[in-house]
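Visitor: Residue numbers (this note's numbering), protein chains in the order written: chain A, 17 to 372; chain B, 576 to 906. Every residue gets a Cβ at the ideal spot worked out from N, C-alpha and C, and that includes glycine. Please read these numbers as outputs of a predicted model, since none were measured by experiment.
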């Protein structure tokens with residue numbers, strides 16, 4: 017199966033173009049866009065881990081190592097497409113246009129963080145594993161019924177492909193030819209359980225065979241490979257050819273969440289050593305050096321802009337108005353039903369009214 | 576003279592680990608299964624050290640597939656094993672809902688006792704630890720409503736150990752709910768070695784005469800604090816920990832509410848359809864004429880358990896319980 021589903025690369029770990037078909041498509045604009053997004057994501061991620069350590073946000077799921085998979089896929093979307101991220105895909109959500117303040121609010125236990133920017137179709141992060149996959153199929157099918165050329169993308173990890181919802185979602189989408197890209201980030205661990213204990217299958221891409229849809233395996237740390245394969249799948253979806261499955265093989269360097277201790281189940285020193293080969297930002301920098309795009313002044317500016325933007329978002333998150341008790345009652349239904357109305361009134365009376 | 580019972584000081588999660596170890600040692604057919612329970616020892620460390628002690632065949636890291644491994648546990652239970660499956664958080668049990676509702680709970684009846692399902696499903700539940708959404712559900716009533724599965728919910732380390740051993744030895748499926756807020760919040764002396772506590776029996780934690788407070792799981796500390804506070808007003812509260820939510824301890828409930836005539840039921844779960852209503856039905860059936868005031872219920876609201884930024888508003892507090900006690904007293 018590994019032979020039938022080889023890992024596609026455009027840039028090798030040393031930063032050299034190995035697929036000449038793409039030489040002309042890799043423009044300076046594209047390189048700079050990818051690089052600045054990936055740096056922005058990493059700075060955000062590290063800052064968020066540190067905020068959690070200081071007790072300024074709640075439990076947080078880091079994604080360091082998965083920037084190329086998330087940036088390459090999210091940047092291939094059109095503005096009107098739908099995104100269905102998991103709790104580890106806020107990098108993709110950022111790249112697609114979610115606000116950093118909202119993402120931080122979400123991780124600080126606030127529902128307000130689930131509201132996407134106006135005009136953007138970004139679902140709240142999927143928490144129960146794989147549950148977002150059928151939603152993406154349904155939203156895509158709706159676009160098809162409406163006659164648009166919009167598509168949807170569902171993110172999920174390797175462990176998610178063990179769940180029923182994964183299989184049911186792919187099957188449904190394949191039957192109705194829904195314009196959806198099932199984008200798997202195979203970071204090779206579902207919390208503590210490694211890939212080979214999660215499934216007997218050698219690849220995730222091969223699961224496409226069961227549903228007779230295209231399946232590809234890409235190097236998830238090669239932002240170009242991810243981007244062009246996602247573009248191709250989206251194009252097929254928009255042209256009425258139905259869903260595809262992409263397996264982006266990657267790695268998370270950190271913990272599952274800040275509540276997890278990865279040293280319990282793997283050697284973190286070895287994980288760190290992988291950066292030499294798999295770190296997507298290091299690879300892109302090598303490529304930029306090899307092909308004359310490396311500009312330290314510009315890179316410093318990108319770093320600084322990212323840090324400033326994130327500091328500003330943290331400020332906005334921390335200055336955000338306190339949670340209003342009334343809000344937990346007001347959004348259960350369009351109109352308050354009597355039991356909730358009664359509960360709300362009694363509760364607000366007891367605490368002396370809602371916070372302003 | 577009775578020989579002194581040897582004890583050790585344990586948290587609730589340590590007591591669960593102790594019960595699991597004892598049962599793995601005692602019965603070769605006991606098998607633990609669940610996500611991240613092996614090498615990682617479970618996300619709450621409830622199974623810490625058990626895989627290295629008993630091997631990968633008896634402490635099984637399952638694929639990420641609740642319907643799959645609960646369904647497989649049913650097949651194993653039918654075929655001679657006693658699976659003890661861990662659901663990482665109660666909020667993640669829903670993919671397995673069908674397997675529990677349509678198979679685990681009714682195989683005995685479908686086959687008139689030919690096939691039985693002696694399995695335990697352990698699940699941490701409840702809010703109050705600033706966990707992410709869906710990690711905080713308290714939906715025990717979805718399962719007490721299922722005919723054919725017992726539902727147990729201890730609040731203390733010693734009860735957790737004795738009840739878990741009883742659940743593993745029970746011939747029928749048991750859902751064992753663990754209040755995650757109490758996992759490490761306190762310690763107590765827990766008897767060493769094997770002992771069990773009868774499923775279906777509650778416990779009187781505080782003897783009182785004026786008001787009965789009935790609660791379970793993570794709300795027990797809240798009920799106890801409220802009872803303590805009422806002492807200042809010279810109100811004597813009796814506090815009952817139900818410990819088992821199906822079948823309920825009808826005798827304990829009726830004996831207490833007949834004595835006090837005033838009752839407050841406290842639970843974290845949503846009000847409508849909550850187990851509190853079944854307690855109320857017992858009061859109505861057994862003790863109606865003894866009541867001096869309508870029973871009050873202090874519960875979570877009919878809203879999804881909110882994100883942790885709002886969870887303090889959702890969770891019943893000591894203040895709400897005190898208010899309810901004052902209400903039944905002043906009727």
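Can you give me the C-alpha to C-alpha distance between residue 237(A) and residue 39(A), rounded to a whole angstrom?
Guide: 18 Å
Visitor: Could you tell me which residues DSSP puts in a beta bridge with residue 754(B)?
Guide: DSSP, once it has assigned bridges, lists 700(B) as partnering residue 754(B).
Visitor: Whole angstroms are fine: how far does the CA of residue 731(B) sit from the CA of residue 584(B)?
Guide: Separation of residue 584(B) and residue 731(B) (C-alpha to C-alpha, rounded to the nearest whole angstrom) is 12 Å.
Visitor: Three or more beta-carbon pairs under 8 Å between the segment 72-81 of chain A and the segment 112-126 of chain A, yes or no?
Guide: yes
Visitor: Closest to residue 110(A) by C-alpha separation, out of 28(A), 52(A), 195(A) and 145(A), would be which residue?
Guide: 52(A)
Visitor: Report the start-end ranges of each alpha helix (DSSP H) in the segment 619-701 of chain B that is 4 residues or longer and not cut off at the edges.
Guide: 625-629, 641-653 and 682-685
Visitor: Checking 8 Å against the spacing of the C-beta atoms, do residue 231(A) and residue 250(A) come in under that value?
Guide: no
Visitor: Using a C-beta cutoff of 8 Å, does residue 539(B) count as contacting chain A?
Guide: Lying before the first or after the last residue shown, residue 539(B) is absent from chain B, which here runs from 576 to 906.
Visitor: Helix, strand or coil: how does DSSP classify residue 269(A) here?
Guide: coil
Visitor: Take residue 169(A) as the anchor and find which of 179(A), 185(A), 175(A) and 178(A) has the nearest alpha-carbon.
Guide: Distances from the alpha-carbon of residue 169(A) to those of 179(A), 185(A), 175(A) and 178(A) put 185(A) closest.
Visitor: Identify whether residue 198(A) lies in helix, strand or coil by the three-state DSSP scheme.
Guide: strand
Visitor: Does DSSP classify residue 130(A) as helix, strand or coil?
Guide: Helix at residue 130(A).
Visitor: Using only the alpha-carbon positions, how far apart do residue 201(A) and residue 173(A) sit?
Guide: 5 Å
Visitor: Along chain B, which residues have their Cβ under 8 Å away from the Cβ of residue 366(A)?
Guide: 894, 895 and 898
Visitor: Is there a Cβ from chain A that is less than 8 Å from the Cβ of residue 665(B)?
Guide: no
Visitor: Considering only residues of the same chain and omitting the five flanking positions on each side of residue 531(B), which have a CB-CB separation below 6 Å?
Guide: No answer is possible for residue 531(B): the residues shown for chain B start at 576 and end at 906.
Visitor: Go ahead and label residue 827(B) buried or exposed: buried means 16 or more other beta carbons lie within 10 angstroms of its beta carbon, across all protein chains shown.
Guide: By the neighbour-count rule (16 or more Cβ atoms within 10 Å), residue 827(B) is buried.
Visitor: So what's residue 45(A) in DSSP terms, helix, strand or just coil?
Guide: helix
Visitor: Between residue 684(B) and residue 721(B), which are expected to be in contact by the criterion C-beta below 8 Å, what is the C-beta distance as a whole number of angstroms?
Guide: With a Cβ gap of about 12 Å, residue 684(B) and residue 721(B) do not count as contacting.
Visitor: Is it buried or exposed, residue 576(B), if we count other Cβ atoms within 10 angstroms and call 16 or more buried?
Guide: Residue placement at residue 576(B) cannot be trusted, given a pLDDT of 48 that sits under 50; the coordinates are not used to answer.
Visitor: Closer than 8 Å is the cut-off here; do at least three beta carbon pairs connect the segment 819-834 of chain B with the segment 795-803 of chain B?
Guide: no
Visitor: Going by the beta-carbon positions, is the gap between residue 113(A) and residue 121(A) smaller than 8 Å?
Guide: no
Visitor: If residue 379(A) and residue 190(A) are in contact, beta carbons under 8 Å, what's the gap, nearest whole angstrom?
Guide: Since the first and last residues shown for chain A are 17 and 372, residue 379(A) lies out of range.
Visitor: Could you have a look at residue 338(A) and say whether DSSP puts it in helix, strand or coil?
Guide: coil
Visitor: Within this structure, are the beta carbons of residue 298(A) and residue 290(A) separated by less than 8 Å?
Guide: Not in contact: residue 298(A) and residue 290(A) (Cβ atoms no closer than 8 Å).
Visitor: Hey, residue 153(A) and residue 209(A): beta-carbon distance below 8 Å or not?
Guide: No.
Visitor: Closer than 7 Å, Cβ to any Cβ of chain B: which residues of the segment 124-150 of chain A, in chain order?
Guide: 124, 125, 126, 127, 143, 144 and 145
Visitor: 8 Å is my cut-off, CB to CB: does residue 576(B) come that close to chain A?
Guide: Its pLDDT being 48, under 50, residue 576(B) is placed unreliably by the model, and the measurement read from it follows with that caveat. No - not a single Cβ of chain A is within 8 Å of the one on residue 576(B).
Visitor: Give the DSSP-derived three-state secondary structure of residue 172(A) in the structure shown.
Guide: strand
Visitor: Starting from residue 239(A), find everything on chain B with Cβ-Cβ shorter than 9 Å and list it in chain order.
Guide: Within chain B, no residue comes near residue 239(A); the closest Cβ sits about 27 Å away, beyond 9 Å.
Visitor: Taking the continuous beta strand (DSSP E) assigned at residue 353(A), which residues delimit it?
Guide: Premise fails: residue 353(A) is in no beta strand (DSSP E) and is neither H nor E.
Visitor: Which term fits residue 354(A), buried or exposed, when burial requires 16 or more other beta carbons within 10 angstroms of its beta carbon?
Guide: exposed
Visitor: So which residues of chain A does residue 902(B) contact, with C-beta pairs closer than 9 Å?
Guide: The contacting residues do not exist; residue 902(B) stays about 11 Å from chain A at best.
Visitor: Name the one or two DSSP bridge partners that residue 725(B) has.
Guide: 749(B)
Visitor: Mind checking the segment 633-654 of chain B against chain A and listing, in chain order, the residues whose C-beta falls within less than 9 Å of any C-beta there?
Guide: 636, 637, 638, 639, 640, 641, 642 and 643
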